[in-house]
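Remarks on the structure that follows.
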Amino acid sequence: DSSFLHFHESDCDIGGSSSCESILSLNTEKILSQAKLLAEQKRFPFATDNDNTNEELAIAYVLIGNGLYDEAIRHFSTMLQEEPELVSAIYGRGIAYGKKGLHDMKNAELALFELSRVISLEPDHPEVFEQRAEILSPLGRISEALSDLTKAIQLQPSARLYRHRGTLYFISEDYATAHEDFQRSLELNKNQPIAMLYKGLTFFHRGLLKEAIESFKEALKQKSDFIDAYKSLGQAYRELGNFDAATESFQKALLLNQNHVQTLQLKGMMLYHHGSLDEALKNFKRCLQLEPYNEVCQYMKGLSHVAMGQFYEGIKAQTKVMLNDPLPGQKASPEYLKVKYLREYSRYLHAHLDTPLTEYNTDTDLPGNFKDHWAKNLPFLIENYEEQPGLQPHIKDVLFQNFESYKPDVQELICVADHLGSMMQYETPGFLPNKRIHRAMGLATLEVMQAVQRTWANSKVRMNGKTRLMQWRDMFDIAVKWRRIADPDQPVLWLDQMPARSLSRGFNNHINLIRGQVINMRYLEYFEKILHFIKDRILVYHGANNPKGLLEVREALEKVHKVEDLLPIMKVN
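Taking UniProt numbering, the leading residue of the sequence shown gets 1, the next gets one more, and so forth.
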């Protein structure tokens, strides 16, 4: 926001000094006239009372504004030889080092050294602390940057400083504190669409979706063509389970920019999880045209193809994700970790494509270690693992079928299945309807009915290649089979068919209502009941073990409305 840093940038390549000299000679008059104006108005930091000094300083600041950072550094250095503690020159040289590029650690260290010198000479200027924070944060030194911004705010609070500090808290995933800073920033200057967007994101990341939606809408009132606000609004509606509202918001973002990759990616993922695989695939393909190395779109493209029975295209896309090996020290993406499991499972499914589902059993066919690693989403490091066979040319992909091409009795089955499946939808916030899952579960319901009917007739069923008496597990196996077909991305496996060693270590089946700052929107309805239950248990405990303090505890519990309020009471005894 400092005006002296926003002059028109030159195309001069600083690396080739000869070309820069010619530009300098051409622009000398322009630079001097800009500098004169800057000096007269004292529109640069730490201006002095000496007009000649100010003119020299202004020249260097104009050089920074024109992108001539090396020339600016030389100019400041010459001045500092004559006057070593000229604060404006030290500050300007620090800014120039920072502008040269923090990818070079030498520039970063020199910039920090100069700004620290300024702070030691002039400790009461908030802009210097802010500039130092701007250099510290890209280096990952977030706590030091936060400390500098806090000092700047103590010296002179401003909407910009609160927004800047809020952004760093947001990056650090301290969403509650970030929210406080964005709120303070907006109180000082309410017309800030970016601060309003970030305020919404602090709600979103804590699971407070309805509050997030209100903030995104407010950001759009302030800036009607704000693509990121439409994208975030779409994602909030998607998490809430409102497919139509999410679609509308994503569409508005794409009307403003049809090549907005993030929106295409998020819209595609929503369509996949809504069961609209064809439409999802179009978004992933468009995303990859614009960004060929986008791992999420590549993975989801492969997944969509496999889910539709198009194994050749699916495995081709999966292999491209596998080739994106992370660099040494770089964290592998979730898609990279999952893709090897998906490719192996895709090969397995393809090999059994022409085998009746009653004749094979995923739980016994797949190796135990593979299932264990897949279910726990561990890196694909499995000893003595034998890969699934590659694609067999004689096994063809699944052909796409129109509903109209089915016989009337099959059409009727599908319609009944859709109706039955839709009954399993939770009508509560946080559950996006998935018509593909609905259909699969509806068909599972019908098949269970048929299996039970056959059992009543002759007591036996054919499961996993064997004919035997039907048991309760066989009914569940039918549903599990359909659930697997509906989404090959998710490992749907029987726990008692896992290796005993992995089972003894346990699987986490807990659902967090609240974890840290994050609230689980799906199960929020239970919160008040559970909080009331816990308060009741505390009273029972104190009634038995601390009868004298019972009244005090009871009064304290009446003021408890959130989890944090319980902590002091739990510490009483």
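Ideal Cβ positions, reconstructed from N, Cα and C, are used throughout, including at glycine.
Please read these numbers as outputs of a predicted model, since none were measured by experiment.
Residue i to residue j span [Cα, whole Å]
i: Ser19; j: Leu327; result: Low confidence applies to Ser19: its pLDDT is 40, below 50, so where it sits in the model is not reliable, and the reading given next is rough at best. Taking the straight line joining both Cα atoms gives about 37 Å.
i: Leu446; j: Val560; result: 49 Å
i: Ala245; j: Pro499; result: 44 Å
i: Tyr162; j: Ile171; result: 14 Å
i: Lys100; j: Glu248; result: 43 Å
i: Asn546; j: Ile530; result: 23 Å
i: Thr358; j: Arg462; result: 7 Å
i: Glu211; j: Ser232; result: 13 Å
i: Pro433; j: Cys297; result: 22 Å
i: Leu366; j: Asn257; result: 45 Å
i: Val398; j: Leu524; result: 41 Å
i: Phe380; j: Gln490; result: 16 Å
i: Asn50; j: Ala58; result: 12 Å
i: Lys267; j: Thr428; result: 22 Å
i: Asn54; j: Ala111; result: 22 Å
i: Thr355; j: Ala195; result: 57 Å
i: Lys316; j: Val306; result: 10 Å
i: Arg132; j: Asn189; result: 24 Å
i: Asp536; j: Leu557; result: 9 Å
i: Arg160; j: Ala96; result: 22 Å
i: Glu114; j: Thr78; result: 15 Å
Simplified DSSP state of residue i, which is helix, strand or coil
i: Val492; result: coil
i: Lys407; result: coil
i: Arg439; result: helix
i: Arg184; result: helix
i: Ile171; result: helix
i: Ile395; result: coil
i: Arg206; result: coil
i: Ile511; result: coil
i: Ile382; result: coil
i: Val87; result: helix
i: Val416; result: helix
i: Val480; result: helix
i: Val518; result: strand
i: Phe370; result: helix
i: Tyr272; result: helix
i: Asn402; result: coil
i: Ile23; result: For Ile23, the pLDDT reaches just 40, beneath the cut-off of 50, and the residue's location in the model is therefore unreliable, although a value from the coordinates is still provided. Helix at Ile23.
i: Ala47; result: coil
i: Ser224; result: coil
i: residue 621; result: Because the chain here runs from 1 to 573, residue 621 falls outside it and cannot be looked at.
i: Pro389; result: coil
i: Gly421; result: helix
i: Phe431; result: coil
i: Glu218; result: helix
Beta bridge counterpart(s) of residue i as assigned by DSSP
i: Leu469; result: Lys460
i: Ile31; result: Partner(s): none; Ile31 has no beta bridge.
Nearest residue (CA-CA) to residue i, options the options
i: Gln310; options: Phe226, His164, Pro488, Pro123; result: Pro488
i: Gln453; options: Met470, Lys466, Met441, Gly442; result: Met470
i: Ile514; options: Gln497, Leu493, His532, Val563; result: Val563
i: Ser276; options: Leu254, Lys301, Cys287; result: Lys301
i: Tyr341; options: Asp372, Asp354, Gly234; result: Asp372
i: Arg436; options: Glu295, Thr358, Met424, Val118; result: Met424
i: His532; options: Val306, Asn509, Leu566, Glu383; result: Leu566
i: Asn402; options: Lys396, Val410, Ile395; result: Val410
i: Asn361; options: Ile485, Ala96, Gly65; result: Ile485
i: Glu239; options: His274, Gln222, Gln251; result: His274
i: Gly314; options: Arg347, Lys30, Pro334, Leu413; result: Arg347
i: Asp418; options: Met441, Asn458, Glu404; result: Met441
i: Lys252; options: Leu264, Gly241, Asn242; result: Leu264
i: residue 579; options: Glu134, Leu303, Pro138; result: Within the shown structure, residues of the chain are numbered from 1 to 573, placing residue 579 beyond reach of any answer.
i: Ile119; options: Gly390, Leu86, Tyr526; result: Leu86
Same chain only: Cβ atoms within 7 Å of residue i, ignoring 5 sequence neighbours per side
i: Gly207; result: Val518, Ile519, Asn520, Met521
i: Lys407; result: none
i: Thr262; result: Residue identity check: residue 262 is Gln in the sequence provided, not Thr. Lys231.
i: Ile382; result: Asn369, Phe370, His373
Beta-carbon contacts of residue i that lie in its chain and below 6 Å, excluding the five residues immediately before and after
i: Tyr175; result: Thr202, His205, Arg206, Gln517
i: Leu136; result: Glu144, Ala145
i: Met322; result: Val339
i: Leu24; result: Low local confidence applies: a pLDDT of 44 at Leu24 is under 50, so the model's placement there is unreliable, with the coordinate-based value given in what follows. Nothing listed; no residue qualifies.
i: Phe216; result: Gly200, Ala229, Ser232, Leu233
i: Leu271; result: Glu279, Ala280
i: Phe76; result: Ala60, Ala89, Gly92, Arg93
i: Leu63; result: Glu71, Ala72
Same chain only: Cβ atoms within 8 Å of residue i, ignoring 5 sequence neighbours per side
i: Asp181; result: Tyr162, Arg163, Arg165, Gly166, Tyr169
i: Gly543; result: Leu550
i: Ile478; result: Ala444, Glu447, Val448, Ala451
i: Asn107; result: Tyr97, Gly98, Lys100, Gly101
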